[in-house]
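Engineer:
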């Protein structure tokens with residue numbers, strides 16, 4: 117059982133919004149695509165698992181974004197191998213080790229041995245457990261601190277999230293959350309969080325949908341037990357307007373009317389399919405948002 121109180125402190129100082137870097141491509145704060153396979157289901161909840169969802173209800177979603185020691189050691193030994201290769205180059209041609217060549221090889225070797233030492237240090241002396249916690253009701257996100265720094269609390273609307281190409285041996289496209297508050301933040305390069313299924317826009321749209329407390333909960337059977345309670349809360353508040361724009365309707369998923377509408381949508385070409393499986397591959401026009409241009 118995941119202990120939320122152990123990892124989350126909503127009373128810590130909320131960090132101010134940091135300036136954007138004009139060179140980066142930020143994702144808009146909107147629901148631009150159907151979540152599809154990016155929806156959080158019961159099978160996706162794995163407490164204690166690395167890079168998995170650990171907790172989900174109508175108030176919080178917790179995603180593990182920990183780095184593994186194994187990955188750091190891969191990089192460390194890779195740089196050690198490069199260092200040995202640089203120093204052994206003279207042996208290939210039978211060349212003798214003269215002082216000038218040793219000096220040049222040592223200088224080049226610094227660019228390989230220093231990263232190796234860094235990854236060894238990161239593997240054994242920097243905390244590994246890192247949680248990304250989305251607080252739906254307060255509109256806050258607790259972001260893990262860089263290196264050994266404590267976690268930071270930020271407003272969801274102040275997040276700077278970009279699309280990132282990363283090579284973690286499996287490679288691929290990721291979402292990267294930039295903080296740029298401290299030197300450690302800049303050295304680490306932000307929080308990288310992957311998505312197991314779907315595209316990056318499907319994944320980001322899911323988080324935006326979830327964090328809009330004025331909308332019904334997004335798809336995913338992990339949230340089914342909480343839909344009625346969330347509906348009653350919004351009804352008591354007078355069904356306030358949504359916080360963030362969406363390219364399609366976001367109806368109640370637990371009502372019989374929605375279930376009937378959803379079955380009809382599956383059989384009607386050109387209609388939005390809000391189910392978990394977008395079998396028809398319906399494309400939704402991207403939302404034009406000026407949020408990041410203000």
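Numbering (my numbering), first residue to last: 117 to 410. C-beta atoms are modelled at their ideal positions from N, C-alpha and C, and glycine is treated no differently. If you're wondering where the values come from, they're calculated on a predicted model, not measured in any experiment.
#1: Suppose you measure from the CA of residue 254 to the CA of residue 141; what does that come to, to the nearest Å?
#2: Which stretch, first to last residue, makes up the beta strand (DSSP E) that contains residue 103?
#3: In whole angstroms, what is the alpha-carbon distance linking residue 220 and residue 203?
#4: Can residue 172 and residue 199 be called in contact, C-beta distance under 8 Å?
#5: Can you tell me where the beta strand (DSSP E) holding residue 169 begins and where it ends?
#6: What do you reckon, are the CB atoms on residue 147 and residue 271 nearer than 8 Å?
#7: May I have the straight-line CA-CA distance separating residue 119 from residue 216, to the nearest angstrom?
#8: What number of angstroms, rounded off, separates the C-alpha of residue 246 from the C-alpha of residue 240?
#9: Quick check on residue 159: does DSSP put it in helix, strand or coil?
#10: For residue 335 and residue 259, what's the separation of their Cα atoms in angstroms?
#11: When you compare only the Cα positions, how much space is there between residue 323 and residue 169?
#12: Taking the alpha helix (DSSP H) that residue 257 falls in, what are its first and last residues?
#13: If you run the structure through DSSP and keep just helix, strand and coil, what is residue 347?
#14: Mind checking whether residue 367 and residue 341 have CB atoms under 8 Å apart?
#15: Alpha carbon to alpha carbon, how far is residue 265 from residue 153? Give it in angstroms, no decimals.
#16: How is residue 204 classed by DSSP in three states: helix, strand or coil?
#17: Report all residues from its chain with a CB closer than 6 Å to the CB of residue 346; omit the five preceding and five following residues, and keep chain order.
#18: Taking only three categories from DSSP, how would you classify residue 389?
#19: Below 8 Å between beta carbons: does that hold for residue 320 and residue 143?
#20: For residue 323, which of helix, strand or coil comes out of DSSP?
#21: From what residue to what residue does the beta strand (DSSP E) around residue 359 run?
#22: Using a Cβ-Cβ cutoff of less than 6 Å, which residues in the same chain neighbour residue 318 once the five nearest sequence positions on both sides are dropped?
#23: State buried or exposed for residue 237, treating a residue as buried only when at least 16 other CB atoms are found within 10 Å of its CB.
#24: With 16 other CB atoms within 10 Å as the buried threshold, where does residue 344 fall?
#25: Per DSSP, what are the beta-bridge partners of residue 247 in this structure?
#26: What residues are listed by DSSP as bridge partners for residue 279?
#27: Taking all protein chains shown into account, do 16 or more other C-beta atoms lie within 10 angstroms of the C-beta of residue 328, making it buried, or fewer, making it exposed?
#28: Within its chain, find whatever has a CB closer than 6 Å to the CB of residue 124; leave out the 5 residues flanking it on each side and keep chain order.
#29: Please classify residue 269: does DSSP put it in a helix, a strand, or coil?
#30: Are the CB atoms of residue 274 and residue 133 nearer to each other than 8 Å?
#31: Going by DSSP in three states, residue 240 sits in which element: helix, strand or coil?
Structural biologist: Taking the definition as stated:
#1: One C-alpha to the other measures close to 27 Å.
#2: The structure shown does not extend to residue 103, since the chain spans only 117 to 410, so no value can be given for it.
#3: 10 Å
#4: no
#5: 169 to 172
#6: no
#7: Rounded to the nearest whole angstrom, the C-alpha separation of residue 119 and residue 216 is 60 Å.
#8: 15 Å
#9: helix
#10: 24 Å
#11: CA-CA distance, residue 323 to residue 169, rounds to 12 Å.
#12: Run containing residue 257: none in the alpha helix (DSSP H); it sits in the beta strand (DSSP E), 256 to 259.
#13: Here DSSP, grouped into helix, strand and coil, assigns residue 347 to helix.
#14: no
#15: 34 Å
#16: helix
#17: 174, 333
#18: For residue 389, the predicted model reports a pLDDT of 39, less than 50, meaning its position is unreliable; a value from the coordinates is still stated below. Three-state DSSP puts residue 389 in coil, outside helix and strand.
#19: yes
#20: helix
#21: Taken as a continuous stretch (DSSP letters only), residue 359 belongs to no beta strand (DSSP E), as it is neither H nor E.
#22: Correct list, in chain order: 149, 151, 152, 154.
#23: Classification for residue 237: exposed.
#24: exposed
#25: 180
#26: 291
#27: buried
#28: Correct list, in chain order: 249, 258.
#29: strand
#30: yes
#31: helix
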